[in-house]
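Numbering (my numbering), first residue to last: 7 to 74.
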């Protein structure tokens, strides 16, 4: 029997995913540290992205914020 596993989105972030991402950041950002990053918690709240995808999206998101 095959194990069922969560399907992760491989394409661009949808508006709904991004909305959940921003909400999760607001909720968890102050809890994160180098030793305990919050990408797993944010990914769990988004539900359709892996922690690696969340980290990459966060890097692009913060870069866009800093450039205005």
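Where a beta carbon is used, it is the ideal one built from N, C-alpha and C, also for glycine. Keep in mind the model is a prediction, meaning the values are calculated, not measured.
DSSP places residue 73 within a helical segment (H, G or I) once states are collapsed to three. Less than 8 Å divides the Cβ of residue 34 from the Cβ of residue 47. With respect to the C-alpha of residue 63, the residue from 49, 73 and 74 having the closest C-alpha is 49. Under the DSSP assignment, residue 34 falls in the alpha helix (DSSP H) whose first and last residues are 21 to 34.
Residue 67 sits in a helix when the DSSP states are folded into three classes.
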